[in-house]
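Accompanying notes for the structure given below.
Protein chains in written order, with my numbering: chain A, 44 to 269; chain B, 2 to 776.
Set out below in structure tokens:
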């Protein structure tokens, strides 16, 4: 009898403890979700790795096979015309129908993968960073030509391109003469029909661009020592 | 002789390279080898990248600025910055162009017989000092004043405060942050006892829901909004745009909810009503960490000169507060606010869900509000009732509009009632300031004088005779502008303006001083998340342009305060910052030392034990918590935050038969503040060349107005003709119009009302009544 009472009271006790624990965990569940530890590490908004280079791989063979459309080539002059300095976000050279849209899907319709736009008689340039959806945060339409006040800002010359300009040896693969922040995907600007003709690669199918083309020594971070 | 191993290794390397080269040339005689291949690679040839916070808004993006031959030529985002993570907005990328417009002021100009005459800096500074002395002698020290700005660097604001409060002995120091952030300050002080947000931008990475209270973040804080969008891509967060007007933010949000102007007060109370009704209250949190208070009501709107108001807190309990909330059922509030009861319940459910972390954002919508302190209290109430505060992702967050609204005006305290630490009315605070400033404590007056609007009224009345305006453009930004412009042009007033370009404010000046801006000098800014960021001088200022800090030091010395203004020219910024840090030498507000600021993209105060504090009042993160509990609101004597009972009250001026439309004013993505810098940046001006009035489609149709048509707006204070913009950048609700204020040729502030929040004294630029007609 005593033994049975003991077992019963043990189970009762366990049950009570179970209820108490369950109640506690239920209540904590109702409170705010667990708070993460604050660390200094974070994922940068702009790509920091070089993996962006492979982003548009699946078009590489198409680009290689595509004949060059001589009549609708962009030139580097056009490319730099819309930039306040080499590396600046380009302005939008065409009217945009919806003033309230931030871009996103509207812009990406044409600028994610490019293609010929009959209306503008041109190939749409491809964005190297389609994950940044608030396009018009950086890219703005130019409505007028006149200035509010004249400016003395001096635009520095763009990096020289062409045979030998960025090559260490004659005929060696040219180095990358610009920073790749926001522009990790080489093929966005260097491959396909919208690529400016001076910087269009002859071998888009090679994909792993940075295997042969390396950033300028000065642009890469110096780790010092050694 | 002894060579170190590195030298030997270098020598060997060079020898190897030379011999390899020689061999190579011998082997391939027709191939040219370059000894220094990097010389050929050109984008950054000679470009030196230096770090600085952005010149424009309060987000405080860290920029890397490319310098070549002493000129700033390029900008990119700093990938190491925890603020912008490598991204900028169009203003930031082109910010350096703002230094190079052709009409830069390079020489001091002094008005003689109605004509501006070029003079030397020394002569102009002499004249200013002479005029100040003369004014103090004839009209008393409270007749001289300085009006600065949230664009002042920390040293600018600090020396201004030291000169006026400590040395001259007048509390006549105010700044445009009174028009911008004063309500945020009183909101924090009334609810928590200490200024500035408890959380930080990292909250964005943890929150599940974002509620934007009258904040067009996509245009005004674009880089932070991109962080929201980035989180939505990664984690599927919810963004609610709660506003009076449809904007880009509304288009991007998961839900856009429109409310009638001023009724945010009622909606916030209705959300609290729902939270209480549905038992979503975090009772442990409220019980341990909150008190209930009610304040005075029917405060008025400050429309008359000499208006004074001091709030009185009265203790109440939770039951009384619940009784008060009973008036704010969603059904009742729906009628008043135009927000459906369902939407109110939806927002309450998001705040109330214990498994969702919620961030509230706001800026001018809640700050420029005649009941602005109240609405901030009410939003804090929501977070306090649910315990969603001071923890990662749970964060009511007040955004700022100027690069150093927090760092300079709020932390250095360049307001009439403030000192770098504390307030002028407190004896202990005065003693501390006097000690550090090396002045007799009697010098610091215990009486606050004029807040910004009243300061300009005093100038108009003649109580103030001398005003020095630095880094701001009040003749574009003051509400009810005509009165204050006429006042500043009256005879017997002496106005000094330090600026970089001619503006409507330099037009009323007696002396114009050319200023060295931003990276033409050394300084620090403090952004919205308590982050202090340093920038070095990167380029030379043009002509005789001089930093605001040094202008003030020069005048202070001429006034005889050489002992207090002992700084060396080469090291004055370092010396001033070191002196300033002494005011905040405590665990609740310690500032990071300069060598830390120089080495990284800023640090957040309180900076204790070599670490920034990300979440204040939470004992897990904040070393200033001392009560042994999870949370400690140490700004209040008993460590408890306050849940305020604040009712809905109508605005001072509502549309009526004569003036049937609401007028709201604000900014656009491309332009910043009064546009004096951004309009001189070609890409920005070309994108947004002039002001306009936004109309609702139905109103435009009825009035037969199309985009581009000329429209006349009239208020009780003035009238203006603007081109119409129908269904363009923003779409106001029916019977409302919106006008951006950046265009100095279309001064919308001639129409706005100078009513202000009685607690913060900040004017309401978002609500007044106008009539609209096609011309």
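Heads up, the beta-carbon is just placed ideally off N, CA and C, and yes, glycines get one too. All values reported here derive from a predicted model rather than from experimental measurement.
Chain A residues whose Cβ lies nearer than 7 Å to that of residue i
i             : result
residue 58/B  : Result: empty, since nearest Cβ-Cβ is about 12 Å, beyond 7 Å.
residue 255/B : What residue 255/B touches in chain A: nothing, since even the nearest Cβ is about 14 Å away.
residue 624/B : Simply none; closest approach about 14 Å.
residue 252/B : 143, 144 and 145
Option nearest residue i by Cα separation, candidates the options
i             : options                       : result
residue 166/A : 63/A, 113/A and 46/A          : 113/A
residue 123/B : 554/B, 766/B and 632/B        : 554/B
residue 672/B : 367/B, 175/B and 222/B        : 222/B
residue 644/B : 244/B, 293/B, 144/B and 104/B : 293/B
residue 217/A : 255/A, 200/A, 198/A and 224/A : 255/A
residue 426/B : 659/B, 166/B, 355/B and 65/B  : 166/B
residue 174/A : 231/B, 576/B and 344/B        : 231/B
residue 75/B  : 732/B, 539/B and 543/B        : 539/B
residue 335/B : 296/B, 366/B, 277/B and 272/B : 272/B
residue 401/B : 526/B, 598/B and 168/B        : 526/B
residue 508/B : 116/B, 409/B and 395/B        : 116/B
residue 262/B : 243/B, 277/B and 252/B        : 243/B
residue 395/B : 275/B, 608/B, 205/B and 347/B : 205/B
residue 706/B : 693/B, 83/B, 498/B and 620/B  : 693/B
residue 658/B : 766/B, 291/B and 771/B        : 771/B
residue 220/B : 180/A, 128/A, 199/A and 50/A  : 180/A
Same chain, Cβ closer than 6 Å to residue i, neighbours up to 5 away in sequence not counted
i             : result
residue 1/B   : The question about residue 1/B has no answer, for chain B in this structure spans 2 to 776.
residue 139/A : 184
residue 647/B : 375, 378 and 379
residue 86/B  : none
residue 4/B   : Unreliable placement is indicated for residue 4/B, whose pLDDT of 44 sits below 50; the coordinate value is still reported in the next sentence. The answer is none, since no qualifying residue turns up.
residue 52/A  : none
residue 3/A   : The structure shown does not extend to residue 3/A, since chain A spans only 44 to 269, so no value can be given for it.
residue 263/A : With a pLDDT of 49 at residue 263/A, under the threshold of 50, the modelled position of that residue is not reliable, and the figure given next carries that caveat. Here the set comprises nothing.
residue 194/B : 636 and 637
residue 765/B : 369, 370, 371 and 756
residue 80/B  : 87
Contacting residues, own chain, Cβ-Cβ under 7 Å from residue i (five flanking each side not counted)
i             : result
residue 374/B : 184, 187, 188, 191, 758, 760 and 761
residue 55/A  : none
residue 38/B  : Reliability of the predicted coordinates at residue 38/B is poor, the pLDDT of 38 falling under 50, and the value obtained from them is presented with this limitation in mind. Cβ neighbours of residue 38/B beyond the five flanking positions: none.
residue 250/A : 97, 100 and 103
residue 763/B : 179, 180, 183, 184, 368, 369, 373 and 757
residue 196/B : 186, 189, 190 and 411
residue 29/B  : Confidence at residue 29/B is low in this model, with a pLDDT of 46, below 50, so the placement of that residue is unreliable and no value is reported for it.
residue 778/B : Any question about residue 778/B goes unanswered here, given that chain B covers just 2 to 776.
Closer than 7 Å at the beta carbon, the chain B residues around residue i
i             : result
residue 186/A : 687, 688 and 690
residue 68/A  : By Cβ distance, chain B contributes nothing, its closest Cβ being about 13 Å from residue 68/A, past 7 Å.
CB-CB length for residue i against residue j, believed under 8 Å
i             : j             : result
residue 302/B : residue 247/B : At roughly 28 Å, the Cβ-Cβ gap does not stay under 8 Å, so residue 302/B and residue 247/B are not in contact.
residue 515/B : residue 546/B : 4 Å
residue 260/B : residue 240/B : Incorrect: roughly 17 Å between the Cβ atoms, too far for contact.
residue 186/A : residue 688/B : 6 Å
Residues that residue i contacts on chain A, provided the C-beta gap is smaller than 8 Å
i             : result
residue 104/B : 192 and 193
residue 75/B  : 128, 129, 130, 131 and 199
residue 95/B  : 127 and 131
residue 90/B  : 180 and 181
residue 386/B : Going along chain A, no residue has its Cβ under 8 Å from residue 386/B, so there is no contact; the nearest lies around 13 Å.
Proximal residues of chain A, C-beta to C-beta of residue i below 9 Å
i           : result
residue 1/B : Any answer about residue 1/B is impossible in this case: the structure gives chain B only from 2 up to 776.
Partner residues on chain B for residue i, Cβ-Cβ distance less than 8 Å
i             : result
residue 224/A : 77, 78, 80 and 87
residue 134/A : 684, 687 and 688
Chain-order list of residues whose beta-carbon lies under 8 Å from that of residue i (same chain, five-residue window excluded)
i            : result
residue 95/B : 76, 682, 684 and 685
Task: Contact set between the region 172-183 of chain A and chain B, restricted to residues whose Cβ is under 8 Å from the partner - done: 174, 175, 176, 177, 179, 180, 181, 182 and 183
TODO: Can you give me, in chain order, the residues of the region 758-771 of chain B that have a beta carbon less than 7 Å from any beta carbon in chain A?
DONE: none
Task: Proximal residues, the region 350-384 of chain B versus chain A, C-beta separation under 7 Å - done: 355, 356 and 358
Task: Interface positions of the region 207-241 of chain B facing chain A (Cβ-Cβ less than 7 Å), listed along the chain - done: 207, 219, 223, 226, 227, 228, 230, 231 and 234
Task: Selection of the region 195-206 of chain A by Cβ proximity to chain C, strictly under 8 Å - done: Considering every chain present, this structure includes no chain C. Its protein chains are A and B.
- [ ] Check each residue of the region 118-130 of chain B: if its Cβ is closer than 7 Å to any Cβ of chain A, include it; give the result in chain order.
- [x] none
Task: Against chain A: residues of the region 665-676 of chain B by CB proximity under 9 Å - done: 670, 671 and 676
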